[in-house]
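Read the structure below first, then the notes.
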Amino acid sequence: MILCCYNGLALLWCPRGDHLLWNPSTNESVQLPNHETTSLFSSTYGLGYDSISDDYKILRVEHISNGPERPTKILALKSGSWRKIDNHPCGFRNKTIPCKNSLSFVHGAFHWLSKDSLLKYIMISFNISNEVYEEISLLEEICNISNVNYVRCVVLEGMLCAYCNGREGGLNTFKLWVMKDYDIKESWTKLLPIYFWSYQHICLRMVKCYSTTKRMVFMVTLGHPKDRMNCCLQIVPYYKDLFIRKAMEIHFPEEIIVDILIRLPVPSLLRFKCASKFWKTLISDQYFKVKHYNYAKNNKKILIARLISGADISYYCYSLSSSQPLQNLCCPSNHKPCNYIILCCCDGLALLWCRGDHLLWNPSTNESVQLPNHEITSLFGSTYGLGYDSISDDYKILRVEHMGNRPGLPSKILALKSGSWRKIGNHPRGFHNNTVPSKSSLPFVRGAFHWLGRDNLPNYNIMISFNISNELYGEILLPEEICNISNVNYVRCDVLEGMLCAYWKGQEAGLDTFKL
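Residue numbers (full-length UniProt numbering): 1 to 516.
Following this line, the structure appears as structure tokens:
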């Protein structure tokens, strides 16, 4: 059984009375010396690190009810033996210490709850460096708690917390307080009460906390109070269901709801839009969409198109930042069989092409939009780019002709809001786009598309940019080595981790070479 944990170490106990200090990462363990104990369920343990002596220490505090007072014991790993220490000089009885919870360790001291002679709750601290007892000031509301199943303390994100479980108005209640500044009474803050029904009496055995920028979400683990031998890390399914009384009365701040929802995949968000008008408005809001996209950027995915037979193509999605399996995607809505070629992608959207038709597809939702046709000589004579214009809040598609030695053909641009293609002038200096590859997309970074072209001088490579907001061409300066590349199979540009890059493949000293 796991008694307590700290810094990746776990203190274990088995029914024979043996204690073991275990490192799960290395699977190394140390057998600790035995000590006289009446029962595991009459004491509570804590594990902490003493920075003064550079040693780990274990404290064992007796769960005192109405019997005779028993001494507290401490073990320093370097000493290798248990040692008795005095109890609190005021003689507080530790009858509120739960059998299976560990002592809370923070700021170099163990903490637990007890009662004084007036039967009011107090919080005791024990400093493991100087072995001095102290008292942590509590709010009167906490001191005077009555008619509850239990009151406990725990550490969440480095802050001391107190919580209780009891009955109020015929309902089970769960209340939580957090001390935001250590040992400052005024910093105690009541976070949230939860009211619930249950088919059986239940015990809130553990509280876990997730925190980002001081925002917390609490997950309550439920278990049966009589199930004393189960490991404290186990979720015991002794309950059938859980009902929240008037769920809308439990008001979570909107920022917490947003913080939860941005972590969900798009299909789940689409379902949750049906939960309430508030959620539909929230999920549809542009601010939420931006936050969801910014969070999703950390979970990078690649879109794979696989030619099966003939013209049929299968689409797959694979995550590069998690262990999720390869996901087989459905064909774009109402477009079967799947025979669309992927031209380019941006922000999770894909531009597809088949037999002259263009389709903008969202693989996450399987929604698609048929784009207007435009005069095109061949798919393999042009290159496409898809990008987002933050000025007009619109996605735009640019089509650049692969000219070779032919006279310049005009580029075309499509803004989704306008719904039509529009011709734009080519670069005023008349560069040839003969290095634009037929099947690659135009790299999009910093609000502009980029591609490589050639000046009127022989073998002189340049990088062209086209800003989609003001529709102005520009030139990106290149090192002389790239400008004067010759006798290569191809020269291309791309975006890697938000940075422009150029690469080429050719022959050098009789060997195939690739340079980036």
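The C-beta atom is built at its ideal place from N, Cα and C for all residues, glycine as well.
Let me know the secondary structure DSSP gives residue i once reduced to three states.
i, result
"residue 271", "helix"
"residue 180", "coil"
"residue 503", "strand"
"residue 12", "strand"
"residue 281", "helix"
"residue 261", "helix"
"residue 290", "helix"
"residue 187", "helix"
"residue 104", "strand"
"residue 341", "strand"
"residue 42", "helix"
"residue 238", "Because residue 238 carries a pLDDT of 26, less than 50, the predicted location of this residue cannot be relied on, and no value is offered for it."
"residue 482", "helix"
"residue 476", "strand"
"residue 7", "coil"
"residue 497", "coil"
"residue 145", "coil"
Quick check on residue i: buried or exposed, where buried means 16 or more other Cβ atoms within 10 Å of its Cβ?
i, result
"residue 528", "Here the chain covers residues 1 to 516 and nothing more, so residue 528 does not appear."
"residue 229", "Because residue 229 carries a pLDDT of 31, less than 50, the predicted location of this residue cannot be relied on, and the following value inherits that uncertainty. Its Cβ having fewer than 16 others within 10 Å, residue 229 is exposed."
"residue 569", "Given that the chain is displayed from residue 1 to residue 516, the structure contains no residue 569 and the question cannot be resolved."
"residue 158", "exposed"
"residue 278", "exposed"
"residue 472", "exposed"
"residue 400", "buried"
"residue 491", "buried"
"residue 284", "exposed"
"residue 425", "exposed"
"residue 48", "buried"
"residue 265", "exposed"
"residue 419", "exposed"
"residue 45", "buried"
"residue 355", "exposed"
State the beta-bridge partners of residue i as determined by DSSP.
i, result
"residue 164", "151, 175"
"residue 295", "Its beta-bridge partners do not exist; DSSP assigns none."
"residue 134", "125"
"residue 383", "400"
"residue 72", "85"
"residue 467", "448"
"residue 355", "None, per the DSSP bridge assignment."
"residue 32", "19"
"residue 388", "395"
"residue 111", "104, 125"
"residue 57", "48, 76"
"residue 159", "156"
"residue 369", "360"
"residue 27", "In the DSSP output, where bridge partners are listed per residue, residue 27 has none listed."
Just confirm the distance between the C-beta atoms of residue i and residue j, as a whole number of angstroms; I'd bet it's less than 8 Å.
i, j, result
"residue 134", "residue 122", "Actually they do not touch by this definition, with Cβ atoms about 11 Å apart."
"residue 468", "residue 451", "About 13 Å separates the two Cβ atoms, so there is no contact after all."
"residue 129", "residue 52", "4 Å"
"residue 342", "residue 349", "With a Cβ gap of about 11 Å, residue 342 and residue 349 do not count as contacting."
"residue 42", "residue 28", "About 30 Å; that fails the 8 Å criterion."
- Message: Taking contact to mean 3 or more Cβ pairs, one atom from each stretch, closer than 8 Å, check whether the stretch 147 to 162 and the stretch 172 to 189 are in contact.
- Response: yes
- Task: May I ask you to verify whether the stretch 384 to 399 touches the stretch 439 to 455, counting CB pairs closer than 8 Å and requiring at least 3?
- Result: yes
- Item | the stretch 132 to 152 in contact with the stretch 99 to 116 per 3-pair CB rule at 8 Å | yes
- Message: For the stretch 70 to 80 against the stretch 45 to 58, do three or more pairs of beta-carbon atoms, one drawn from each stretch, fall closer than 8 Å, so that the two count as touching?
- Response: yes
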